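Going by our numbering, the first residue of the sequence shown is number 14, and it counts up by one from there. Heads up, the beta-carbon is just placed ideally off N, CA and C, and yes, glycines get one too. Because the structure is a prediction, the values reported are computed rather than measured.
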Amino acid sequence: MNRRTFGLVGMLAAASIALAACGGTSGTGGSSATPTAGGDTSLSSVKNAGEIVFATEGTYKPFSYHQGGAGDLTGYDVEVAKAVADKLGVKAKFEETQWDSIFAGLEARRFDAIANQVTATPERQAKYELSTPYTVSRGVIVTKSDNTSVKSFADLKGKTTAQSLTSNWYTLAKDSGANVEPVEGWAQSVSLLKDGRVDAIVNDKLTFLDYQVTNPNSGLKIAATTKDSSDSVFAFHKGSKALDGAVNTALKELAADGTLTTLSKKYFGQDVSK
């Protein structure tokens, strides 16, 4: 399912520069060093390791998936992450992790960052360091093409939608009055919708457009679109300000040299980076 949270637009607010002292933790990946009273080691740990470890699902096309189902890991987020790592002078390593446990893994320091269409929200900003946005999009309601009962989010009241219980789209669907059928991902949502077991899906427009590229006769349509857009970012451990700052610099350079635009058009046919 979509990993964004709806409604926050614009640049991220500056966070406090004070770092709380804490002890080291163990993990299977990512930098094990944690910020101490003497300073933030997040960037130096990555530099010393020669790699930055990103958590990503690997099952979330077109952002993070395996080519042909079993090929190399690829996707928009994966390529942006690799481009960022290149700017940092290190290699990008990916730990494939289910969405429902991805933030727990970040907090346990199994990896350095999440690259999986994480949407910036006040709640996440309070708990993590968030980069500047590298994807901007909108939410949509997807229904069967012959559905005439859903034309707005208000029309979801009393209807059933298919959502991941930990996604922002679950919150939007519930706030709109929908009953939610829990699912694991987009493919399951589509299956339930086509089978008539749910009335709609609330998700990201880019996910639907990508689906339509390979399924032009899907029998599905966009019934409504949110007015506000959502910003997708990289998420880091709280206190990893040095690494966050370096990634922000890299993203600025990738925007200036056209890399983000090129990658956007490769996967979506238009620039979704701004």
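Three-state class that DSSP yields for residue i in the structure shown
{"i": "aspartate 241", "result": "strand"}
{"i": "tyrosine 147", "result": "coil"}
{"i": "asparagine 216", "result": "strand"}
{"i": "valine 285", "result": "coil"}
{"i": "aspartate 257", "result": "helix"}
{"i": "glutamate 64", "result": "strand"}
{"i": "valine 234", "result": "Checking the sequence shown, residue 234 turns out to be lysine, not valine. DSSP places lysine 234 in strand when its eight states are reduced to three."}
{"i": "threonine 69", "result": "strand"}
{"i": "valine 59", "result": "helix"}
{"i": "valine 226", "result": "helix"}
{"i": "lysine 251", "result": "coil"}
Rounded straight-line distance, which links the Cα of residue j to that of residue i
{"i": "glutamate 92", "j": "glutamate 70", "result": "14 angstroms"}
{"i": "tyrosine 147", "j": "lysine 172", "result": "33 angstroms"}
{"i": "proline 75", "j": "valine 226", "result": "11 angstroms"}
{"i": "aspartate 284", "j": "alanine 268", "result": "11 angstroms"}
{"i": "serine 55", "j": "arginine 122", "result": "11 angstroms"}
{"i": "lysine 279", "j": "threonine 145", "result": "21 angstroms"}
{"i": "threonine 275", "j": "lysine 60", "result": "27 angstroms"}
{"i": "aspartate 90", "j": "glycine 63", "result": "20 angstroms"}
{"i": "valine 66", "j": "glutamate 109", "result": "10 angstroms"}
{"i": "leucine 205", "j": "alanine 191", "result": "15 angstroms"}
{"i": "serine 286", "j": "aspartate 212", "result": "31 angstroms"}
{"i": "tyrosine 73", "j": "glycine 198", "result": "8 angstroms"}
{"i": "alanine 28", "j": "alanine 117", "result": "Residue confidence is low: alanine 28 scores 35 on pLDDT, short of 50, so the model does not pin down where it sits. Its coordinate-derived value is still stated next. Going from the Cα of alanine 28 to the Cα of alanine 117 covers about 22 angstroms."}
{"i": "aspartate 125", "j": "alanine 94", "result": "12 angstroms"}
{"i": "threonine 38", "j": "glycine 232", "result": "Low confidence applies to threonine 38: its pLDDT is 34, below 50, so where it sits in the model is not reliable, and the reading given next is rough at best. So the two alpha carbons sit approximately 50 angstroms from each other."}
{"i": "glycine 102", "j": "alanine 175", "result": "41 angstroms"}
{"i": "glycine 282", "j": "serine 58", "result": "37 angstroms"}
{"i": "aspartate 99", "j": "valine 193", "result": "41 angstroms"}
{"i": "lysine 140", "j": "aspartate 223", "result": "31 angstroms"}
{"i": "arginine 210", "j": "tryptophan 112", "result": "24 angstroms"}
{"i": "glutamate 136", "j": "threonine 184", "result": "13 angstroms"}
{"i": "serine 277", "j": "alanine 200", "result": "22 angstroms"}
{"i": "glycine 82", "j": "aspartate 208", "result": "24 angstroms"}
{"i": "tryptophan 182", "j": "aspartate 270", "result": "33 angstroms"}
{"i": "threonine 49", "j": "glycine 258", "result": "Note that threonine 49 has pLDDT 44, beneath the 50 cutoff, so the model's placement of it is unreliable and the number below is only indicative. Distance between the alpha carbons of threonine 49 and glycine 258 is about 18 angstroms."}
{"i": "histidine 79", "j": "serine 253", "result": "29 angstroms"}
{"i": "valine 131", "j": "glutamine 138", "result": "11 angstroms"}
{"i": "threonine 87", "j": "asparagine 160", "result": "34 angstroms"}
Check whether residue i and residue j have beta carbons under 7 angstroms apart
{"i": "serine 177", "j": "asparagine 129", "result": "no"}
{"i": "serine 165", "j": "alanine 237", "result": "yes"}
{"i": "lysine 234", "j": "serine 158", "result": "yes"}
{"i": "phenylalanine 107", "j": "valine 155", "result": "no"}
{"i": "valine 163", "j": "alanine 186", "result": "no"}
{"i": "alanine 133", "j": "valine 246", "result": "yes"}
{"i": "serine 202", "j": "valine 196", "result": "yes"}
{"i": "threonine 272", "j": "alanine 96", "result": "yes"}
{"i": "serine 243", "j": "serine 114", "result": "no"}
{"i": "alanine 167", "j": "isoleucine 127", "result": "no"}
Whole-angstrom C-beta distance between residue j and residue i, which should lie under 8 angstroms
{"i": "valine 153", "j": "lysine 240", "result": "At roughly 12 angstroms, the Cβ-Cβ gap does not stay under 8 angstroms, so valine 153 and lysine 240 are not in contact."}
{"i": "glutamate 248", "j": "leucine 169", "result": "Here residue 248 is alanine; the residue named in the question, glutamate, does not match the sequence. Contact doesn't hold; Cβ gap of about 29 angstroms is too wide."}
{"i": "lysine 251", "j": "glutamate 142", "result": "6 angstroms"}
{"i": "aspartate 85", "j": "alanine 255", "result": "With 8 angstroms as the limit, aspartate 85 and alanine 255 do not qualify as a contact, their Cβ atoms being about 31 angstroms apart."}
Item to complete: Identify every run of the beta strand (DSSP E) within the segment 119-205, keeping only runs that are complete inside it and at least 3 residues long; order them along the chain.
Response: DSSP runs (the beta strand (DSSP E)) wholly in the segment 119-205: 126-132, 148-157, 173-176 and 192-195.
Discussion item. Runs of 4 residues minimum, wholly inside the segment 73-119: which ones carry the alpha helix (DSSP H) assignment?
Written reply: With a minimum length of 4 residues, the continuous alpha helix (DSSP H) runs that stay inside the segment 73-119 are 89-101.
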